Amino acid sequence: MEKYRRFGDAGTGIQPFVPEEGPARGVLGKLFLGGFSLVVKIAILLVVVPVTLVVYMLPGFGFAFRPLVRLSMFALGFFSIPDKTWPLTSMKADNNPLPGDVILTNFCGYIDILEHARRGATVFAFTNNDKIAVKGFLGALKHATLSYDEQSKAVYDKTVKEAVLTAKTKGVPLVLFFEGTPTNGKGVLSPAKGFLGNFDLRNTKFHLRALVYADETDRKRWSAAFPQVYPFSAHFTGLLSRSSHYLKYVSVSGVKTPQYSSMPDVTALQKTLISRLCEGGSMGAMSLTMADKKGFLDHWNETRQAGYTSTNPNEM
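Heads up: the sequence shown runs through residues 120 to 435, numbered per this note's numbering.
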């Protein structure tokens, strides 16, 4: 099917569902370098991960949580995570998100959860049309490792307003993944319809953040994005068997939520925010949706037998 070409699409110019993989490593590279990296990283994670989980669940130890999450990411191979403010002008970046603010961001997989958490956000919202699923750190991490079908079976019964109140109660900003499903980060899917619903935007501040896994200086590098084409186990093994990975955190500056005297045009605001997010993250705004991903994964499973199994063919 032409619609699901590997890296290109006649309608959009890009295929967001398949990760671009770097050059294949030789046998020696897989056996020695890959094996060595795998053993060392597993050994470190066996120590760091349990400590991080204990600290997260114990009250009064929040100050140690973020450094431990960063240490976990370091062990996974994210040695340096550069911050970039877009546009590169004298314009100052917006203030750090406050409790109850909304961080609108693209969704590339479970590493996103770690990166946002190490910056202080531990409440996450996943969209599915006009309803969302609200998850804490552990719930979001689990949700982001599931297959597309498993994610679609989550309970989507909250509104953005309820999610914001939850985040404000916990003293953190809300991370809102508006695409509804992770991609390879090369483009942004059309958001689930009505994901902001009838939420009163007059007192809400949005912060646009883009997570970029494509290394502009090394296009052949393996991408750590997890768009669910391969099973989580295969992706995680690939993550551990490679020495280092690229991730850049982009803050889109100069974004101000207008002060409305009445309810604004939600659809227009959504388009404005997403357009600016795409510009800042050097990503294309796409016409493809969650439903297109569902169709693609079914097609991929039928033609490539990549380990994905559709359990709900009538969904979406």
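Note that the Cβ used here is the ideal one computed from N, Cα and C, for glycine as well.
All figures in this text were calculated on a predicted structure; none of them were measured in a lab.
In summary, residue 177 is exposed, with fewer than 16 beta-carbon neighbours lying within 10 Å of its beta-carbon over all protein chains present. Looking at the DSSP output, residue 328 sits in a beta bridge with 224, 370.
Spatial neighbours of residue 174 in its own chain (CB-CB distance under 7 angstroms, excluding positions within 5 residues in sequence) are listed in chain order as 180, 183, 184, 187. Take the alpha-carbon of residue 299 and the one of residue 193: they are about 28 angstroms apart.
A contact is defined here as three or more CB-CB pairs under 8 angstroms, and the segment 196-207 fails this definition with respect to the segment 254-272. Residue 306 places its beta carbon less than 7 angstroms from that of residue 135. Sorting 404, 169, 329 by C-alpha distance to the C-alpha of residue 231 places 329 at the top.
Here residue 325 is buried, its C-beta having at least 16 other C-beta atoms within 10 Å.
With a 10 Å radius around the Cβ and a threshold of 16 neighbouring Cβ atoms, residue 297 comes out buried. DSSP links residue 231 through a beta bridge to no other residue. Burial state of residue 199 is exposed, judged by a 10 Å Cβ sphere holding fewer than 16 other Cβ atoms.
In this structure, residue 156 keeps its C-beta atom at 7 angstroms or more from the C-beta atom of residue 363.
Comparing alpha carbon positions, the residue from 236, 395, 360, 274 closest to residue 248 is 274.
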